[in-house]
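Below is one structure, written out as structure tokens; comments come after it.
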Amino acid sequence: MRADFLVAIVMTIYLLGYFFYSSFLSKKIFKLDDSKQTPAHKLEDGIDFLPTRKWILFGHHYASIAGVAPIIGPCIAVYWGWLPALIWVVLGNIFMGAVHDMGVLVMSVRNKAQSLAEIAGQFLSKKSKLSLLCILVFLLWIVSAAFSVVIARLFVTYPSSVLPTIFASILALIMGQILYRSRIHALLPSLIALALLYASIPLGVKYPISLDMEPGLATCVWVLILLTYAFVASVLPVWVLLQPRDYINSHQIIVGLGILVVGIFMTKPEIVAPAINFEAERSWFPFLFITVACGAISGAHGLVASGTTSRQVNKESDIRPIAYGGMLLEGFLALLAVIAASAGFANYDGWCTHYASWAHASRHGLDAFVQGAVNFMGHFNLGPEIAAAFIAVIIISFAATSLDTLFRIQRYMLEEISTLTKIKPLGNRYLASFIAILTVSMMVYSDGITKVEGAFTLWPLFGSTNQLVAALALMIMALFLISIKSSNLVVLIPGLLLTVLTVIANSLGVLNFIEQANYLLAGIAVVILILQLIIVTDILKNLNAK
12 MRADFLVAIV
22 MTIYLLGYFF
32 YSSFLSKKIF
42 KLDDSKQTPA
52 HKLEDGIDFL
62 PTRKWILFGH
72 HYASIAGVAP
82 IIGPCIAVYW
92 GWLPALIWVV
102 LGNIFMGAVH
112 DMGVLVMSVR
122 NKAQSLAEIA
132 GQFLSKKSKL
142 SLLCILVFLL
152 WIVSAAFSVV
162 IARLFVTYPS
172 SVLPTIFASI
182 LALIMGQILY
192 RSRIHALLPS
202 LIALALLYAS
212 IPLGVKYPIS
222 LDMEPGLATC
232 VWVLILLTYA
242 FVASVLPVWV
252 LLQPRDYINS
262 HQIIVGLGIL
272 VVGIFMTKPE
282 IVAPAINFEA
292 ERSWFPFLFI
302 TVACGAISGA
312 HGLVASGTTS
322 RQVNKESDIR
332 PIAYGGMLLE
342 GFLALLAVIA
352 ASAGFANYDG
362 WCTHYASWAH
372 ASRHGLDAFV
382 QGAVNFMGHF
392 NLGPEIAAAF
402 IAVIIISFAA
412 TSLDTLFRIQ
422 RYMLEEISTL
432 TKIKPLGNRY
442 LASFIAILTV
452 SMMVYSDGIT
462 KVEGAFTLWP
472 LFGSTNQLVA
482 ALALMIMALF
492 LISIKSSNLV
502 VLIPGLLLTV
512 LTVIANSLGV
522 LNFIEQANYL
532 LAGIAVVILI
542 LQLIIVTDIL
552 KNLNAK
């Protein structure tokens with residue numbers, strides 16, 4: 012089968028999903044109402060709460076949720092064959108992931124831009140609220156640590172990407188000042204900034220920035236630089252860096268996706284991967300559903316929706332394109348990852364070499380995407396070095412914008428803990444941001460200041476934890492919909508399915524960790540499972556009472 016046919020079919024399905032299903036959700040389920048004043052207007056402070064134009068906020072939201080996970084996860088999942096990965100990416104996205112993102116944003120906007128844990132506190136016991144808060148902080152912690160190291164390693168592997176990445180931040184600062192001072196439309200300045208950014212990529216290839224030290228130590232230094240940057244980005248007003256950077260990056264990402272799509276339609280590659288890999292050594296159930304997370308449904312998206320995005324929504328009707336549309340676009344990125352990992356190899360033997368084992372596939376998911384994407388860009392005659400730098404800059408943009416947002420959300424959560432515990436210093440944004448950076452640094456450098464492997468100590472728990480947060484969000488959403496006298500089956504059924512999947516996956520994970528004598532991960536997994544069961548039991552009790 013040709014890859015371009017698959018891309019065309021899925022694009023059509025996604026468009027139908029947006030125009031029909033999201034319209035149904037907006038009018039009949041979530042009942043979006045522009046007469047309701049949003050928190051961005053009620054609580055405007057010029058720092059975190061700021062009414063923002065729809066497409067600028069779309070840029071921030073999309074760039075924040077589209078990290079490296081929707082690339083890596085689908086590329087790994089092709090280990091089981093391209094068909095299971097594609098089905099989950101498409102159906103999971105339209106009927107679960109986009110519904111989840113839209114619903115969490117609606118709930119947060121209707122509740123003073125509160126986090127998911129705060130919203131849960133309205134329907135559940137204090138014990139359940141605290142349990143959920145612990146799970147959310149844990150998820151933020153492991154994702155922030157991993158993303159910091161992923162970006163640092165990309166800088167070491169592709170030094171040609173460093174200059175364009177630095178240049179992007181400078182352009183964002185300039186654009187933020189222009190937009191804030193003049194109030195002109197953002198599109199033209201953003202397109203000019205995007206053109207300048209692309210012009211900097213050949214300069215990056217000509218003048219690569221490489222630290223003169225061995226790769227492991229260079230990675231450590233880059234992580235320190237990135238964490239320092241993340242601290243600054245998390246305390247600045249959103250209009251200074253966060254919004255303009257994400258808006259520019261969203262255009263860059265969309266253009267990059269467009270170039271890849273054009274490349275696929277020009278090269279017309281054949282899919283060399285098997286539809287189903289019957290020789291896989293690892294069972295696809297339930298692990299397919301937690302391996303492909305962000306491309307189908309992701310609990311981390313709810314943290315962004317109820318963290319930064321809900322504080323900037325100008326009017327409720329903007330929620331549909333920002334949340335549902337943003338998730339569909341992320342699903343499209345996941346689709347391209349599946350295509351890259353299925354049709355980016357020269358032949359079946361090349362695919363078999365890469366996916367010879369689960370261990371190799373899970374460690375080299377990003378490599379499969381880069382290799383396939385560079386091959387798709389062959390018709391543009393950019394040369395392999397510039398093409399690789401271009402892809403690297405796109406991937407770093409995905410990860411860096413997510414990193415900015417993740418640390419800001421950690422600051423918000425510490426501020427919420429400050430209110431809950433009456434510990435006032437935690438409410439200071441500088442101290443809260445410093446604590447967030449410090450705790451992530453402790454994890455990254457837990458094996459020593461010259462190593463960063465500590466960042467991945469807890470990463471095996473990411474998939475199940477991420478999906479259980481999504482499951483819990485959908486179940487809490489069911490209670491919310493009852494409170495506004497709306498049908499909740501569109502969120503309750505996916506929530507229950509995902510709950511069962513995550514309980515099975517987490518339980519199997521515990522057994523696997525014990526078999527490996529990894530008692531740290533086994534213990535944490537058991538704690539997470541207990542916390543999940545506490546929350547789910549509370550939700551079901553409340554649903555039954557209603």
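Reading the sequence shown from the start, the letters are residues 12 to 557 in my numbering.
Glycine residues also receive a C-beta, built at the ideal position from the N, C-alpha and C atoms.
Euclidean distance between Cα positions of residue i and residue j
i      : j      : result
Ile308 : Gly78  : 13 Å
Phe296 : Glu290 : 15 Å
Ala424 : His375 : The amino acid occupying residue 424 in the given sequence is Met; Ala does not appear at that position. Looking at the two C-alpha atoms, the distance is approximately 33 Å.
Ala403 : Tyr169 : 7 Å
Lys38  : Ser498 : 12 Å
Ala345 : Trp91  : 16 Å
Met224 : Ile236 : 15 Å
Ile220 : Cys86  : 29 Å
Lys137 : Ala124 : 19 Å
Leu540 : Ser518 : 8 Å
Pro200 : Asn386 : 32 Å
Ala131 : Pro255 : 32 Å
Asp415 : Ile350 : 29 Å
Gly506 : Asp112 : 13 Å
Ile162 : Ile407 : 6 Å
Arg440 : Thr230 : 28 Å
Asn523 : Leu393 : 46 Å
Pro50  : Ala354 : 46 Å
Ile405 : Phe60  : 28 Å
Residue i Cβ short of 8 Å to the ligand GDP heavy atom set
i      : result
Ser475 : Absence of the ligand GDP from the depicted structure is noted, as is the absence of any ligand whatsoever, leaving it without description.
Boundaries of the alpha helix (DSSP H) in which residue i is found, first to last residue
i      : result
Asp257 : 253-278
His196 : First-last for His196: undefined, no H or E at that position.
Met107 : Premise fails: Met107 is in no alpha helix (DSSP H) and is neither H nor E.
Pro85  : 80-88
Pro62  : Segment: none, Pro62 is in no alpha helix (DSSP H) and carries neither H nor E.
Cys363 : 359-365
Phe473 : 473-494
Phe16  : 14-27
Ile460 : Taken as a continuous stretch (DSSP letters only), Ile460 belongs to no alpha helix (DSSP H), as it is neither H nor E.
Asn386 : 376-387
His312 : 310-316
Ser518 : 500-526
Lys552 : 530-556
Asp329 : Careful: Asp329 lies outside any alpha helix (DSSP H) and carries neither H nor E.
Residue i burial status per 10 Å Cβ neighbour count (16 or more: buried)
i      : result
Glu526 : exposed
Ala357 : exposed
Ser211 : buried
Leu135 : buried
Lys433 : exposed
Thr430 : exposed
Met453 : exposed
Ala528 : exposed
Ile146 : buried
Phe473 : buried
Tyr530 : exposed
Glu292 : exposed
Gly104 : The residue you asked about is not Gly; residue 104 is Asn in the sequence shown. Looking at its Cβ environment, which holds 16 or more other Cβ atoms inside 10 Å, Asn104 is buried.
Glu281 : exposed
Lys53  : exposed
Tyr359 : exposed
C-beta contact flag for residue i and residue j at 9 Å
i      : j      : result
Ala566 : Gly114 : This structure cannot settle anything about residue 566, because the visible part of the chain is limited to 12 through 557.
Leu512 : Ile287 : no
Leu509 : Met118 : no
Ala352 : Trp93  : yes
Leu127 : Glu327 : no
Tyr335 : Ser75  : no
Asn260 : Phe409 : yes
Tyr25  : Gly342 : yes
Trp66  : Leu198 : yes
Ile330 : Leu116 : yes
Ala88  : Leu252 : no
Asn555 : Leu150 : no
Ala80  : Cys305 : yes
Gly274 : Phe401 : no
Trp250 : Leu190 : yes
Leu492 : Val502 : yes
Chain B contact for residue i (CB, 9 Å cutoff)
i      : result
Val315 : In the structure shown, chain B cannot be found, because there is only a single protein chain.
Secondary structure, alpha helix (DSSP H): runs of 4+ residues fully inside the stretch 128-176: 137-168
Unbroken stretches of the alpha helix (DSSP H), 4 residues or longer, contained in the stretch 206-254: 226-246
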